[in-house]
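Peer 1:
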Amino acid sequence: MAGDETEQAIADWVSSEMGGELVDLERQGRWRPAWYGTVRTAAGVLPIYVRGERSTSGSGFPLEREYTIHRLCEEGGIKVPHLYGFIAELPAMVMERVRGRHDLRHAESEKDRESVRRQLAREMAKMHKLDTAPFIAAGFHCPETPTETTLAFYSHAMKAPRPANPVPNPRLAFLERWVARNTPPARTEPRFTACDAGQFMYDGGELTAMMDLELGMLGDPMQDLAILRRRTTYEPMGDIPALFKMYEEEAGKPLDYDIIYFHTVASATAAVTSTMKMVARFRDNPSADVNLVEMHNWFHNSTKQGFEGVAEVKRYTVPKVSLGEPRRSFAHDPLIAARAMTEGLSTETAFDVYRRNTLLQNFAYQERIAAYGQHVADCYLDDAAQILGTRPHDVVEADEKLEMYVNQAGPEEDERLFTVLCADILRRCLMLAIEGSTYYKGLTEPVQPLE
40 MAGDETEQAI
50 ADWVSSEMGG
60 ELVDLERQGR
70 WRPAWYGTVR
80 TAAGVLPIYV
90 RGERSTSGSG
100 FPLEREYTIH
110 RLCEEGGIKV
120 PHLYGFIAEL
130 PAMVMERVRG
140 RHDLRHAESE
150 KDRESVRRQL
160 AREMAKMHKL
170 DTAPFIAAGF
180 HCPETPTETT
190 LAFYSHAMKA
200 PRPANPVPNP
210 RLAFLERWVA
220 RNTPPARTEP
230 RFTACDAGQF
240 MYDGGELTAM
250 MDLELGMLGD
260 PMQDLAILRR
270 RTTYEPMGDI
280 PALFKMYEEE
290 AGKPLDYDII
300 YFHTVASATA
310 AVTSTMKMVA
320 RFRDNPSADV
330 NLVEMHNWFH
340 NSTKQGFEGV
350 AEVKRYTVPK
360 VSLGEPRRSF
370 AHDPLIAARA
380 MTEGLSTETA
390 FDVYRRNTLL
400 QNFAYQERIA
410 AYGQHVADCY
420 LDDAAQILGT
430 RPHDVVEADE
440 KLEMYVNQAG
450 PEEDERLFTV
460 LCADILRRCL
470 MLAIEGSTYY
480 KGLTEPVQPL
490 E
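Mapping of the sequence shown onto our numbering: residues 40 to 490, in sequence order.
1) Grab me the residues of glycine 58's own chain with a C-beta within less than 8 Å of its C-beta, minus the 5 sequence neighbours each way, in chain order.
2) Cutting at 7 Å between CB atoms, please list the residues of its own chain near arginine 110, excluding the five before and the five after it.
3) Hey, would you say lysine 316 sits closer than 9 Å to alanine 389, going by beta carbons?
4) With DSSP as the reference, please indicate the residues paired to methionine 134 in a beta bridge.
5) Between tyrosine 491 and the rest of its own chain, which residues show a CB-CB distance below 8 Å, the 5 nearest in sequence each way excluded?
6) Within 10 angstroms of the Cβ of proline 488, are there 16 or more other Cβ atoms? Answer buried if so, exposed if not.
7) Using beta-carbon positions only, say whether valine 357 and alanine 350 come within less than 9 Å of one another.
8) Beta-carbon of methionine 317 versus every beta-carbon of chain C: anything under 9 Å?
9) Among Gln158, Ala379 and Thr188, which one has its Cα closest to the Cα of glutamine 400?
10) With distances taken from CA atoms, which of Asp170, Val318 and Asp323 is nearest methionine 256?
11) If you run the structure through DSSP and keep just helix, strand and coil, what is glutamate 245?
12) Please report the Cβ distance between glutamate 128 and alanine 48, rounded to the nearest whole angstrom; I am assuming they are in contact, meaning their Cβ atoms lie under 8 Å.
13) With distances taken from CA atoms, which of Ser313, Tyr75 and Glu490 is nearest lysine 284?
14) Please classify tryptophan 70: does DSSP put it in a helix, a strand, or coil?
15) Do alanine 319 and histidine 195 come within 9 Å of each other at the CB atom, strictly closer than that value?
16) The alpha helix (DSSP H) spanning methionine 256 covers which residue range?
17) Skipping 5 residues on each side, what residues in its chain have a beta carbon closer than 6 Å to that of isoleucine 108?
18) Terminal residues of the continuous alpha helix (DSSP H) containing phenylalanine 213?
19) Answer with buried or exposed for asparagine 324, where buried requires no fewer than 16 other C-beta atoms within 10 angstroms of its C-beta.
20) Would you mind reading off the limits of the beta strand (DSSP E) that contains arginine 157?
21) Considering only C-alpha positions, which residue in the set Leu441, Glu245, Arg220 and Gly363 is nearest to threonine 304?
22) Please classify valine 486: does DSSP put it in a helix, a strand, or coil?
23) Count the other C-beta atoms from every protein chain shown that fall within 10 angstroms of the C-beta of valine 89, then say buried if there are 16 or more, exposed otherwise.
24) Just confirm the distance between the C-beta atoms of proline 223 and aspartate 297, as a whole number of angstroms; I'd bet it's less than 8 Å.
25) Quick one: using the 10 Å Cβ neighbour count with 16 as the cut-off for buried, is aspartate 372 buried or exposed?
26) Please report the distance separating the alpha-carbon of valine 78 from that of valine 137.
27) Are there three or more Cβ pairs, one per stretch, closer than 8 Å when the region 440-458 is compared with the region 409-426?
28) Enumerate in chain order the residues of its own chain whose CB-to-CB distance from glutamate 387 is below 8 Å, with the five nearest sequence positions on each side excluded.
29) Looking at the secondary structure, which residues open and close the alpha helix (DSSP H) in which arginine 467 lies?
30) Three Cβ pairs or more, each shorter than 8 Å: is that satisfied between the region 405-418 and the region 474-489?
31) How big is the Cα-Cα spacing for glycine 243 and methionine 249?
32) Taking just the CA atoms, how far does valine 459 sit from aspartate 453?
33) Out of Arg69, Gly68, Leu85 and Trp70, which one is the CA nearest neighbour of glycine 76?
34) How would you label glycine 42, buried or exposed, when you count the other beta carbons within 10 angstroms and need 16 or more for buried?
35) Where does phenylalanine 369 land, buried or exposed, given buried means 16+ other C-beta within 10 angstroms?
36) The beta strand (DSSP E) with threonine 303 in it runs from where to where?
Okay, here's the thing in structure tokens:
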């Protein structure tokens with residue numbers, strides 16, 4: 040739906056369902072369609088947030104499902120923004136615009152940060168104690184066995200339709216086979232889990248809302264702890280072992296660390312699979328609103344975390360890698376010119392700023408590919424030759440042949456395959472690590488240990 044038509048649909052809904060007048064509406068500066076608005080009613084002025092459906096979703100879930108999750112969490116006493124309703128025509132959720140911001144790096148004091156961390160642990164523990172009956176009544180699947188409980192989120196990611204012409208990926212193939220061989224049964228009953236855990240808003244020392252519950256389902260709550268641990272590589276939440284101790288205190292029972300280690304690998308693998316589908320959808324239908332570099336960050340960082348998780352469980356040595364010296368390429372001057380032109384684009388609205396910054400990130404990534412890409416490719420081809428016996432012609436051939444090899448290999452070959460594939464993803468992450476990026480730390484440093 041075009042911008043003017045979307046704004047009119049929101050205004051009409053506000054008038055008919057809230058009895059108010061939409062006095063302003065601004066597109067949020069991000070890839071997902073969402074708007075900040077203000078509604079004037081007889082009772083006063085209400086700030087609202089309108090959350091649209093993802094244009095490049097890898098989850099396979101409709102927005103109506105997220106609305107149901109949000110409603111059930113609100114009814115269960117979880118601190119989420121109040122819902123005003125659902126605009127089926129768009130579709131979009133209309134909710135209270137809560138005060139505050141995300142990302143604890145911006146907390147005003149260590150006291151505020153610790154207060155919010157404690158409240159986060161409390162809200163997550165409360166969420167994991169929610170009665171599952173309302174979710175089951177709303178049509179949510181309840182796992183029937185301990186192993187199904189462990190794999191609830193992972194299995195959904197694996198079952199969702201894959202691209203018609205998938206790009207070979209031996210790193211993903213390795214992780215998928217590892218998860219299949221090493222799945223432990225859950226030691227808890229199925230509970231509601233956020234699945235994309237650790238997202239919240241805060242104001243000063245107060246957590247004002249939990250958010251982004253679209254992937255939620257009934258499964259093993261330990262996976263939320265693993266996902267929170269992974270998230271902290273790009274949204275730092277401080278000392279994770281200490282935060283987990285807070286959760287134990289709020290939940291009233293000890294954490295199962297062995298299964299958290301497993302979920303670190305499984306949830307990362309699920310994230311790689313979901314992002315792969317998003318990237319494939321973008322290739323088939325490119326959109327000016329999509330931040331492809333951010334997708335690559337999710338894709339590469341999650342792959343890296345999966346391999347780091349395998350190393351934790353199996354006590355493998357994570358290889359040391361570097362990018363070598365930067366090379367001057369034919370792309371150097373055109374990229375400088377393109378970046379200079381982009382810096383002059385309009386920044387009138389938040390969405391203008393988003394598009395400009397997205398383009399600048401894209402050019403920064405292209406510059407790093409031009410400077411380091413040949414070294415990354417050469418190292419990968421040399422390493423692949425150790426497995427295959429002959430050096431592939433290029434990276435595409437290496438991926439094709441290594442994926443076939445991984446899918447036929449037994450567990451006795453895991454460690455040497457791990458070494459080659461882990462080294463490759465670490466180099467790709469370093470090549471993507473743009474100075475000043477939100478994802479820089481996660482791409483260049485290991486996931487925070489739990490011991």
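Ideal Cβ placement from N, Cα and C applies to all residues, glycine included.
For clarity, every value in this text was computed on a predicted model and none was experimentally measured.
Peer 2: Checking against the coordinates, here is how it stands:
1) Position 19 of the sequence shown holds residue 58. Hits under 8 Å: Thr80 and Ala81.
2) Residue mapping note: residue 110 aligns to position 71 of the sequence shown, counting from 1. Within the same chain, arginine 110 has close Cβ partners Leu122.
3) Residue numbering aside, residue 316 sits at position 277 when the sequence shown is read from its first letter. Residue numbering aside, residue 389 sits at position 350 when the sequence shown is read from its first letter. Against a cut-off of 9 Å, the Cβ pair of alanine 389 and lysine 316 comes out as no contact.
4) Stepping through the sequence shown from its first residue, residue 134 is reached at position 95. According to DSSP, methionine 134 bridges with Tyr88 and Leu122.
5) Given that the chain is displayed from residue 40 to residue 490, the structure contains no residue 491 and the question cannot be resolved.
6) Reading the sequence shown from its first residue, position 449 is the one you call residue 488. It is exposed - the Cβ of proline 488 has fewer than 16 other Cβ atoms within 10 Å.
7) Taking the first residue of the sequence shown as position 1, residue 357 is located at position 318. Taking the first residue of the sequence shown as position 1, residue 350 is located at position 311. Going by C-beta atoms, valine 357 is nearer than 9 Å to alanine 350.
8) Among the chains of the structure shown, chain C does not appear; only one protein chain is present.
9) Taking the first residue of the sequence shown as position 1, residue 400 is located at position 361. Out of Gln158, Ala379 and Thr188, Ala379 has the C-alpha closest to the C-alpha of glutamine 400.
10) Indexing the sequence shown from 1 puts residue 256 at position 217. Out of Asp170, Val318 and Asp323, Asp170 has the C-alpha closest to the C-alpha of methionine 256.
11) Working through the sequence shown from its first residue, we reach residue 245 at position 206. DSSP places glutamate 245 within a strand segment (E or B) once states are collapsed to three.
12) Position 89 of the sequence shown, counted from the start, is the residue given in the question as residue 128. Position 9 of the sequence shown, counted from the start, is the residue given in the question as residue 48. Indeed they touch by this definition, with Cβ atoms about 5 Å apart.
13) Counting from one through the sequence shown, the residue named residue 284 turns up at place 245. Nearest of Ser313, Tyr75 and Glu490 to lysine 284, Cα basis: Glu490.
14) Working through the sequence shown from its first residue, we reach residue 70 at position 31. Here tryptophan 70 sits in coil by DSSP.
15) Start at 1 with the first residue of the sequence shown, and residue 195 comes out as number 156. Start at 1 with the first residue of the sequence shown, and residue 319 comes out as number 280. Contact: no.
16) Here residue 256 is taken as the residue at index 217 of the sequence shown, counted from 1. First-last for methionine 256: 256-258, but that is the beta strand (DSSP E), not the alpha helix (DSSP H).
17) Working through the sequence shown from its first residue, we reach residue 108 at position 69. Answer for isoleucine 108: Leu252 and Gly255, listed in chain order.
18) Along the sequence shown, one-based indexing puts residue 213 at 174. 209-221 is the span of the alpha helix (DSSP H), which, as asked, contains phenylalanine 213.
19) Working through the sequence shown from its first residue, we reach residue 324 at position 285. The residue in question, asparagine 324, is exposed, as its Cβ has fewer than 16 Cβ neighbours within 10 Å.
20) Residue 157 sits at position 118 when you count from the first residue of the sequence shown. Run containing arginine 157: none in the beta strand (DSSP E); it sits in the alpha helix (DSSP H), 149-166.
21) Within the sequence shown, residue 304 is the residue found at index 265, counting from 1. With the sequence shown as reference, residue 304 is identified as valine, and threonine is not the correct amino acid for it. Selected option, being the one with the closest Cα: Arg220.
22) The residue labelled residue 486 in the question sits at position 447 within the sequence shown. Coil.
23) What you label residue 89 is simply residue 50 of the sequence shown in a count that begins at 1. It counts as buried.
24) Within the sequence shown, residue 223 is the residue found at index 184, counting from 1. Within the sequence shown, residue 297 is the residue found at index 258, counting from 1. So it is a contact: roughly 7 Å between Cβ atoms.
25) Residue 372 sits at position 333 when you count from the first residue of the sequence shown. So aspartate 372 ends up on the exposed side.
26) For the purposes of this step, residue 78 is taken as the residue at position 39 of the sequence shown. For the purposes of this step, residue 137 is taken as the residue at position 98 of the sequence shown. So the alpha carbons of these two residues sit roughly 14 Å apart.
27) With the cut-off at 8 Å, the region 440-458 and the region 409-426 touch.
28) Counted from its first residue, the sequence shown places residue 387 at position 348. Here the set comprises nothing.
29) Counting from one through the sequence shown, the residue named residue 467 turns up at place 428. Run containing arginine 467: 453-471, per the alpha helix (DSSP H) assignment.
30) no
31) Within the sequence shown, residue 243 is the residue found at index 204, counting from 1. Within the sequence shown, residue 249 is the residue found at index 210, counting from 1. Straight-line Cα distance between these residues: approximately 15 Å.
32) In the sequence shown, the residue the question calls residue 453 occupies position 414. In the sequence shown, the residue the question calls residue 459 occupies position 420. Near 10 Å, if we compare the C-alpha coordinates of valine 459 and aspartate 453.
33) Against the sequence shown, residue 76 aligns to sequence position 37. Minimum Cα distance to glycine 76 is reached at Leu85.
34) Position 3 of the sequence shown, counted from the first residue, corresponds to residue 42. Exposed.
35) Taking the sequence shown and counting its residues from 1, the one referred to as residue 369 is at position 330. Flag for phenylalanine 369 reads exposed.
36) One-based indexing of the sequence shown puts residue 303 at position 264. Looking at the DSSP string, threonine 303 is not in any beta strand (DSSP E); the run it does join, the alpha helix (DSSP H), is 296-323.
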